[in-house]
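Numbering (the working numbering), first residue to last: 6 to 111.
These notes are about the structure you will find just below.
Written as structure tokens, this is what we have:
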């Protein structure tokens, strides 16, 4: 089961995105991951619902499930710097269709 804050994040998303998400608890991460082609949409929905996004991690879908890619982005404070870091991460993540990403929120 995902962390309680992750459950709140999940609840504000449309069903069409929820259905495409991956619960990473089976691989030891209490988070939801989302396919790269909907990351920007998830980001904007979370911001519109007053979530403060502090970062995220990149995961790769493999036949056995998911594995960490050991790429991510983080910020200590929201604002323009965080948005710039997010954009750079999104560009890098979008290069591989098997990638999924998580969101660290408060």
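Here a beta-carbon is modelled for each residue, glycine too, at the ideal position from N, C-alpha and C.
| request: Determine the direct distance from the alpha carbon of residue 24 to that of residue 79, and round the result to whole angstroms. | output: Cα to Cα, residue 79 sits roughly 26 Å from residue 24.
| said: Contact defined as beta carbons within less than 8 Å: I believe residue 74 pairs with residue 63. What is the distance between those atoms, to the nearest angstrom? | reply: 4 Å
| Going by DSSP, which residues form a beta bridge with residue 58? | 110
| query | Which residue's Cα is closest to the Cα of residue 100: 41, 28 and 31? | reply | 41
| said: Is the beta carbon of residue 90 closer than 8 Å to that of residue 76? | reply: no
| task | Could you name the residues that DSSP lists as bridge partners for residue 63? | result | By DSSP's assignment, residue 63 forms a beta bridge with 106.
| request: With a floor of 3 residues, list each beta strand (DSSP E) that falls wholly inside the region 14-54, ordered by position along the chain. | output: 37-40
| Same chain, Cβ closer than 6 Å to residue 8, five either side skipped, listed in chain order | 35
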